[in-house]
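One structure below.
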Amino acid sequence: MSTAADRLATEGYGPENLPYASFSPTGGEHRLGVRLGDRAIDVAALAAAVEGLDDAARSAASAPDLDALLAAGHGTWTALRSWLVEVVTTDGLDEAVAASSYPVEGISLHMPFTVADYVDYYASEHHASNVGKIFRPDQAPLLPNWKHLPVGYHGRAGTVIPSGQDFPRPKGLRPEPSGIPSFGPSRRLDIEAELGFVLGGAAAAGEVSLERAAAEHLFGVVLFNDWSARDIQAYEYVPLGPYLGKSFASSISLWVVPWEALEAARVAPPAREHALARYLDDEGRDPWGLDVTLGVSVDGHTITHPPVSTMYWTAPQMVAHMSVNGAGLRPGDFFGSGTVSGPEADQRGSFLELSWGGQEAFALPDGTEMTFLQDGQTVTLTGTAPGPGGSVIDLGECTATILPAT
Ligand code: CA
């Protein structure tokens with residue numbers, strides 16, 4: 069007798085992880101999948117073969133993506149995950165699991181959920197400080213509000229795109245020394261290495277507490293590359309914030325790692341410099357920081373490892389902040405953490421910081437000199453977190469190649 073986990077698990081994709089995707093086998097229809105090792109399990113097919121899943125979860129599992137599960141709420145997604153963990157760790161069910169699964173190298177992945185509202189935060193102190201030093205060298209690096217609330221802006225949900233979808237270099241108005249902008253392709257195309265938070269369960273009246281955010285609304289995480297055209301951004305952002313410099317493409321990884329899979333990765337966030345308003349105050353609460361380490365590679369060369377554990381603001385604080393004014397939360401709402409940068413130079417999550425505003429070119433291991441991105445370059449984000457008992461939670465990858473401007 070053996071379990072599916074014994075037979076199929078690989079490091080990073082054991083029964084502790086079980087990330088979800090929308091996938092199709094060659095020529096097949098989209099369906100909800102869960103990953104164990106190098107196999108994508110068709111959740112609906114498994115539910116038909118192995119009993120024990122309640123009707124609400126069975127119904128959500130028969131959808132082509134995560135939308136129904138996000139709408140069904142945390143009780144249903146908790147029930148589905150508990151059942152999946154039990155099935156893949158029960159002796160004698162390995163044949164049923166194997167028969168309901170496909171090798172991941174032979175499947176196509178699709179957008180795992182429909183993005184409702186997308187908010188991009190700015191939660192890394194090291195990133196915000198670096199940007200402040202680069203753009204406002206004569207002022208304090210952090211603006212006065214930064215440690216009192218998680219700064220964010222509403223982004224464009226419709227241009228959150230799946231990993232693997234390449235896109236052309238964006239065009240727009242670029243600042244020029246004369247003061248008159250020029251129109252053309254961005255000369256300062258950048259990445260932002262972020263963690264993305266996928267939310268579920270409706271909260272129509274807003275005012276979601278930190279505890280309710282963590283227990284009922286945070287469904288999962290993805291890797292998130294919030295591509296940014298720094299020249300377009302620099303010209304347009306005054307006084308209302310980023311717009312076209314960010315909204316052309318924002319890539320997400322396609323295996324959504326359940327929030328529950330990151331239980332062993334939870335760490336205390338940095339010490340709070342100011343007492344926080346009641347709705348944000350996490351003093352003495354459960355720790356909601358995450359010990360996720362990102363990796364950023366350019367054309368296969370890994371150049372930086374941003375540590376999510378250094379983020380000042382946590383995901384539950386982002387939910388509490390978004391909703392405190394009464395704004396409702398919808399299933400499929402999506403938050404970017406903001407660029408993750410650690411204190412060290414090789415922990416910076418953008419080329420803006422790695423090249424210090426484009427002033428300090430750096431070399432890739434093959435000798436290529438870099439400041440911002442060139443056409444044809446491929447950027448890939450990866451990420452891992454500690455799982456229970458020494459296991460590893462792999463977040464997969466988020467990749468795209470820059471095509472020439474149209
Ligand atoms: Ca961002």
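Each step along the sequence shown adds one to the number in the numbering used here, with nothing skipped, and position 361 is 429.
Quick reminder that beta carbons are idealized off the backbone N, C-alpha and C, glycines included.
The model shown is predicted, which means the values in this text are computed figures rather than measured ones.
Provide the residue span of the beta strand (DSSP E) that contains E262, from first to last. 261 to 267
If the criterion is Cβ atoms closer than 8 Å, does the pair L138 and P326 meet it? no
Per-residue DSSP class, three states only, for A139: helix
With H, G and I counted as helix, E and B as strand and the rest as coil, what does DSSP make of A164? helix
With DSSP as the reference, label I248 as helix, strand or coil. coil
Which runs of the beta strand (DSSP E) spanning at least 3 residues fall entirely within the stretch 197 to 262, listed in chain order? 220 to 222, 228 to 230, 239 to 242, 250 to 253
Please report the distance separating the alpha-carbon of Q207 from that of S197. About 11 Å.
Expressed to the nearest angstrom, what Euclidean distance is found between the alpha-carbon atoms of L330 and I461? If you draw a straight line from the Cα of L330 to the Cα of I461, it comes to about 8 Å.
Would you identify the three-state DSSP class for V110, choosing helix, strand or coil? According to the sequence displayed, residue 110 carries Asp and not Val. Note: D110 maps to strand in three-state DSSP.
Suppose you measure from the CA of G274 to the CA of G268; what does that come to, to the nearest Å? 13 Å
Check H98 in the structure and name its three-state DSSP category. Residue state for H98 is assigned as coil, using DSSP reduced to three classes.
Nonlocal neighbours in the same chain, by C-beta distance under 7 Å from A113, ignoring five residues either side: S168
In terms of residue numbering, what span does the alpha helix (DSSP H) encompassing E479 cover? Examination of residue 479 is not possible in this model, given that the chain is present from 69 through 474 alone.
Tell me the residue span of the alpha helix (DSSP H) that contains S423. For S423, no alpha helix (DSSP H) encloses it, and the DSSP letter there is neither H nor E.
Does M69 come out as helix, strand or coil in the three-state DSSP assignment? In the structure shown, M69 sits in coil (DSSP, three-state: anything other than H, G, I, E or B).
How close, in whole Å, do the beta carbons of F440 and R256 come, if the pair is a contact with beta carbons under 8 Å? Right, their Cβ atoms sit about 5 Å apart.
Among N393, E244, P384, A270, whose alpha-carbon lies nearest the alpha-carbon of A336? P384
Whether Y303 touches P249 by CB criterion (8 Å): yes
Could you name the residues whose beta carbon sits closer than 6 Å to any heavy atom belonging to ligand 1, keeping them in chain order? D188, E260, E262, D294, G404, G406, T407
Should A453 be labelled buried (16 or more other beta-carbon atoms within 10 Å of its own) or exposed? A453 is buried by the Cβ-count criterion.
Check this for me: beta carbons of R58 and P355, under 8 Å apart or not? With the chain represented from 69 up to 474, any question about residue 58 goes unanswered, as that position is not in the structure.
Any chance the stretch 208 to 221 sits against the stretch 139 to 159, with 3 or more Cβ pairs inside 8 Å? no
How far does the beta strand (DSSP E) with H389 in it extend, from its first residue to its last? Taken as a continuous stretch (DSSP letters only), H389 belongs to no beta strand (DSSP E), being part of the alpha helix (DSSP H) at 383 to 391.
May I ask you to report which of helix, strand or coil DSSP gives L121? coil
Taking the alpha-carbon positions, what's the D434 to K201 distance? 30 Å
As assigned by DSSP and simplified to three states, the class of L358: strand
The stretch 413 to 423 in contact with the stretch 366 to 383 per 3-pair CB rule at 8 Å: By the Cβ criterion, the stretch 413 to 423 is in contact with the stretch 366 to 383, since at least three pairs of Cβ atoms, one from each stretch, lie closer than 8 Å.
Short Cβ contact (8 Å threshold) for P180 with D133: Result yes, Cβ atoms of P180 and D133 sit closer than 8 Å.
Could you spell out where the beta strand (DSSP E) holding D188 opens and where it closes? Counted as a single uninterrupted DSSP element, the beta strand (DSSP E) harbouring D188 occupies residues 186 to 189.
S192 classed as buried or exposed, judged by whether at least 16 other C-beta atoms fall within 10 angstroms: buried
Burial state of L86 (16 or more Cβ within 10 Å): Taking every protein chain shown into account, the CB of L86 has 16 or more other CB atoms within 10 angstroms, so this residue is buried.
Assuming G404 is part of the beta strand (DSSP E), what are its boundary residues? Note, G404: beta strand (DSSP E), 402 to 404.
Counting pairs of Cβ atoms below 8 Å between the stretch 157 to 166 and the stretch 113 to 130, do you hit three or more? yes
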